[in-house]
Structures are given as structure tokens and as C-alpha cells.
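In what follows, a structure is listed as C-alpha cells, so that the remarks can point back to it.
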Amino acid sequence: ELWLCRRIYTDACILSALVQDAAGKLLEAIGTLDYALIIAGAAGESRFEIIHGLIDAFQAPLREASPVVATNDGPEEPVEPLPTTLASSTFPIPRISEPSFLSFQSTQSKAPFIVPGYAQGWPALNEHPWRRASHLRAASGPGRVVPVEVGENYLSDKWNQVIMSWDAFLSSLDFEDQETCRVQVEGIQYLAQHNLFTQMPALEDDIEIPVYAYACLTSDGRVHQPPSNERQLVINSWLGPKGTISPPHTDPFHNLYVQVVGQKTVWLAPPCRDISRILSPPQTSSPLQNTSRCDIFAGEMDAEFATLVLPHAIHATLNPGDLLYIPAGWWHAMRSERTSFSLSFWF
Numbered sequence: 001e002l003w004l005c006r007r008i009y010t011d012a013c014i015l016s017a018l019v020q021d022a023a024g025k026l027l028e029a030i031g032t033l034d035y036a037l038i039i040a041g042a043a044g045e046s047r048f049e050i051i052h053g054l055i056d057a058f059q060a061p062l063r064e065a066s067p068v069v070a071t072n073d074g075p076e077e078p079v080e081p082l083p084t085t086l087a088s089s090t091f092p093i094p095r096i097s098e099p100s101f102l103s104f105q106s107t108q109s110k111a112p113f114i115v116p117g118y119a120q121g122w123p124a125l126n127e128h129p130w131r132r133a134s135h136l137r138a139a140s141g142p143g144r145v146v147p148v149e150v151g152e153n154y155l156s157d158k159w160n161q162v163i164m165s166w167d168a169f170l171s172s173l174d175f176e177d178q179e180t181c182r183v184q185v186e187g188i189q190y191l192a193q194h195n196l197f198t199q200m201p202a203l204e205d206d207i208e209i210p211v212y213a214y215a216c217l218t219s220d221g222r223v224h225q226p227p228s229n230e231r232q233l234v235i236n237s238w239l240g241p242k243g244t245i246s247p248p249h250t251d252p253f254h255n256l257y258v259q260v261v262g263q264k265t266v267w268l269a270p271p272c273r274d275i276s277r278i279l280s281p282p283q284t285s286s287p288l289q290n291t292s293r294c295d296i297f298a299g300e301m302d303a304e305f306a307t308l309v310l311p312h313a314i315h316a317t318l319n320p321g322d323l324l325y326i327p328a329g330w331w332h333a334m335r336s337e338r339t340s341f342s343l344s345f346w347f
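Start counting the sequence shown at 1; every next residue gets the next number (the UniProt record's numbering).
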């Protein structure tokens, strides 16, 4: 029944967009089609292709009338490493050379690691730079809308979700070609855990799926549950300003996390019983049983945390091109140190 409701919603959006197009409301029509992708996943046979065909057709006269020129003045200037000190962690995440596929599958997948500069060859860091808002606008075209979280983080009482203009969202961020925010906003806005490529497939041409995502890893089924889609792979985008925080939480997927733009501080802890007891919320206090209310980016930690969690926690700051591997079930938290664009590959 849920799938049927999604298909009906998708078809209603397509019909509404055609009516808006007939009335000359091209921008509204494009946004309506985005709603079908965001809310209903373009449910129904060939609906995904139909929607993107219509978006391309509706955007064509708009692109011709107001072309967006994607600029690229050369490689990114080297990013200065940030000194990372956290009261909640003492030890660094290991940084290793790029392992072979067989080495990853047999041994390296047992614990987290960082491969520095893994994605430095991606177009997203070179000829199609995501650090430039002009490229993101050119790749998406006009009229697009995206889902955005508003608030400090999703545990905040004032947290909310909205669907807003992609152009306005980009205008609120600092980019290499847009150093001063063009739009001032209230509260932190964060495009989080969203499969942006379903809306903007052209952006997927700018990246490469890490080969490790195709590994068959032995794991405890109580901890690891591969994605249920046909590919058994979910690619999510995370784009937001300095200060965006993902609180400590666990996921049932193995995660290959690639930093594309900006820098992000990462905190990890293993899923052992004592650590999970301290970090997990009381059973009756929150529907988010995989998310901790412990503020690991704050100052002093209490004595129990210092005794049982601190000796096992690890941390690092990711730079553009770095790949971080997080095994399923590990606690992890993130904090953006500047405008940041990251991708997670769940498998």
C-alpha cells in the first residue's frame, strides 16, 4: 500500500508539472518534479526516466536564456591541516596507504582507517570542482529544490526539515568562488543523508565509487545489515556550513566516507558493551536508539566516560580527498570545520 501511495503521489506530481508548464511556470514545474524524487522516490515503472526527461525539457529554455558558466581557475590551494584535540578522544585514527581490494576484504576491514588523498583524482576535486558553487549550479540546472535540515542537530528541540531552493541553499554557504555568503539565514542549514544523485545524476559523473564498496565482508548479522536495494549500496550527500554536527550514533552498514570539500573532524568508538551502555540513550527516552545525547565535542567528559570510553575512542580531521572507513556498528560523530561536502557509501 505504501508503494501504491508513492506511485500515486509521483504521478500527481508529473501531471501537476505538465499543467504548470502549460501555464508557463517552468521553475515551479521543475520543483514539483523534484518533490516526486525527494518524497516518493519516483515510484512506478519508468517514472524516474520520465521525470528527468521532463526536467531536462523544462530547463532547456531557461538554460538558454540565462546560462550558468562553471568556472575552474585551476587546482585547489593546499588546505592547511587543522590541529585536532578532543577531550573525548586521545588517539588518532590510523592513516594508511591505499590497501589492495584483497587486503581490505581479509584484514583491513576489521577496524577504521583513513587513506589520505584517496579521491584526489576525482573530477569533483579537479576539472568539475565541487568547491565552486558555479559548477554545482551548472550541473543541476535552474529550478531545483532539495531537503534541508534546520537547527543545531537532529536532537535539538528546534530542529526541523524543509524543502528549499537549491540555489538559495548554495547562496548561504562559503565556496571558493563565493567567499561571502550571498544569503543570510537563521540557524544552521544542512543537506544531510540525502541521495543527491537521484536528483542530479550529472554530479555522479564527478566521482568514482570506491572499489571497497563491492567487498563481501564477514560480520555479525546483529550489527551489519547491507542496504536492501538492488545494488546493496546507498550513496548519501552531506553539505553544510562550518559548525554542522552529527551527534554520536551507529549505523548497520559499513561506511566509506569521502571528504570532497572542506574539512571535517571525526570521532569514533568501537561497539563494545561498556561503551554502548554509556553512549546509548535510556530505552524510554528517545525513539532514536542508535543516537547518543553525549556531546563529545564539548569540554570535559565525566569520570565514567574517561575510564571506559576515552581509552578506546579515536579521532581525526578529514581533508579534501581523504577516505575514511567505518565498520558497521561503530559509534561515530562528525563536526564540519568549514563549508563541507562529503559523501558516504553504505554497503
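Beta carbons: idealized from backbone N, C-alpha and C, even for Gly.
Subject >> CB contact flag (I326, P248, <7 Å) >> reply: no
**OP:** Name, in chain order, the residues that DSSP records as bridge partners for M200.
**Re:** M200 pairs with nothing; no bridge assigned.
Original post:
So what's I235 in DSSP terms, helix, strand or just coil?
Top reply: In the structure shown, I235 sits in a strand (DSSP, three-state: E or B).
Original post:
Name the DSSP bridge partner or partners of Y212?
Top reply: Looking at the DSSP assignment, Y212 forms no beta bridge with any residue, so it has no partner.
**OP:** Just the C-alpha distance for K110 and S103, rounded to the nearest angstrom, thanks.
**Re:** C-alpha separation (whole angstroms): 11 Å.
**OP:** Would you kindly report the start and end of the unbroken alpha helix (DSSP H) that includes F101?
**Re:** 101-106
Original post:
Are there three or more Cβ pairs, one per stretch, closer than 8 Å when the region 131-143 is compared with the region 158-176?
Top reply: With the cut-off at 8 Å, the region 131-143 and the region 158-176 touch.
**OP:** Output the boundary residues of the alpha helix (DSSP H) element that contains E304.
**Re:** Segment 303-308, the alpha helix (DSSP H) holding E304.
**OP:** Sort P99, E230, L4, F345 by Cα distance to P116 and report the nearest one.
**Re:** P99
**OP:** Please classify T32: does DSSP put it in a helix, a strand, or coil?
**Re:** DSSP places T32 in helix when its eight states are reduced to three.
Subject >> Among D274, C13, N195, E127, the one whose alpha carbon lies nearest that of V148 >> reply: N195
Subject >> Residue-chain proximity (Y325, chain B), Cβ-Cβ < 7 Å >> reply: The structure shown contains no chain B, having only a single protein chain.
Subject >> Segment contact flag, the region 307-316 with the region 203-219, C-beta cutoff 8 Å, min 3 pairs >> reply: no
Original post:
Can you tell which of A119, W3, G141, S46 has its C-alpha closest to the C-alpha of I55?
Top reply: Across the set A119, W3, G141, S46, the C-alpha of G141 shows the shortest separation from the C-alpha of I55.
Original post:
Three-state secondary structure (DSSP) at F91?
Top reply: strand
**OP:** State the beta-bridge partners of L323 as determined by DSSP.
**Re:** Bridge partners of L323: V115, V258.
Subject >> Alpha-carbon to alpha-carbon, P67 and L26 >> reply: 16 Å
Original post:
For Q232, which of L2, T198, H254 has the nearest alpha-carbon?
Top reply: H254
**OP:** For Q59, count neighbouring C-beta atoms within 10 Å of its own C-beta (all shown protein chains included) and say buried if the count is 16 or more, exposed if not.
**Re:** With 16 or more other Cβ atoms within 10 Å, it is buried.
**OP:** Check whether the Cβ atoms of residue 430 and L318 sit closer than 7 Å, and answer yes or no.
**Re:** No statement about residue 430 is possible, as the shown extent of the chain runs from 1 to 347 and does not include it.
Original post:
Does the beta-carbon of T107 have 16 or more other beta-carbons within 10 angstroms, so that it is buried, or is it exposed?
Top reply: exposed
Original post:
Can you list, in chain order, the residues of its chain whose CB lies under 7 Å from that of N160, leaving out five sequence neighbours each side?
Top reply: V150, G151
**OP:** If I'm right that Q225 touches S340 with Cβ under 8 Å, what's the distance once you round it to whole angstroms?
**Re:** Going by Cβ atoms, the distance from Q225 to S340 rounds to 27 Å, so no, they are not a contact pair.
**OP:** Could you say which of I50, H315, F305, V223 lies nearest to N290 if we only look at CA atoms?
**Re:** Out of I50, H315, F305, V223, V223 has the C-alpha closest to the C-alpha of N290.
**OP:** From the DSSP output, in three-state form, read off W122 for me.
**Re:** coil
Original post:
Taking the runs of the alpha helix (DSSP H) that are 4 residues or longer, which of them lie wholly in the region 152-184?
Top reply: With a minimum length of 4 residues, the continuous alpha helix (DSSP H) runs that stay inside the region 152-184 are 166-171.
**OP:** Return the first residue and the last residue of the beta strand (DSSP E) that H52 is part of.
**Re:** That residue, H52, is in no beta strand (DSSP E); its alpha helix (DSSP H) goes 47-65.
Original post:
Hey, how far is the Cα of A192 from the Cα of N236?
Top reply: Their Cα atoms are separated by approximately 8 Å.
Original post:
Taking the alpha-carbon positions, what's the A124 to F345 distance?
Top reply: 16 Å
Original post:
When you compare each of G24, A22, H52, E45 to Y35 by their alpha carbons, which one comes out closest?
Top reply: Minimum Cα distance to Y35 is reached at H52.
**OP:** Tell me whether the beta-carbon of I314 lies closer than 7 Å to the beta-carbon of S88.
**Re:** Not closer than 7 Å, so no.
Original post:
When DSSP labels each residue in this structure, what does H135 get in the three-state scheme?
Top reply: Note: H135 maps to helix in three-state DSSP.
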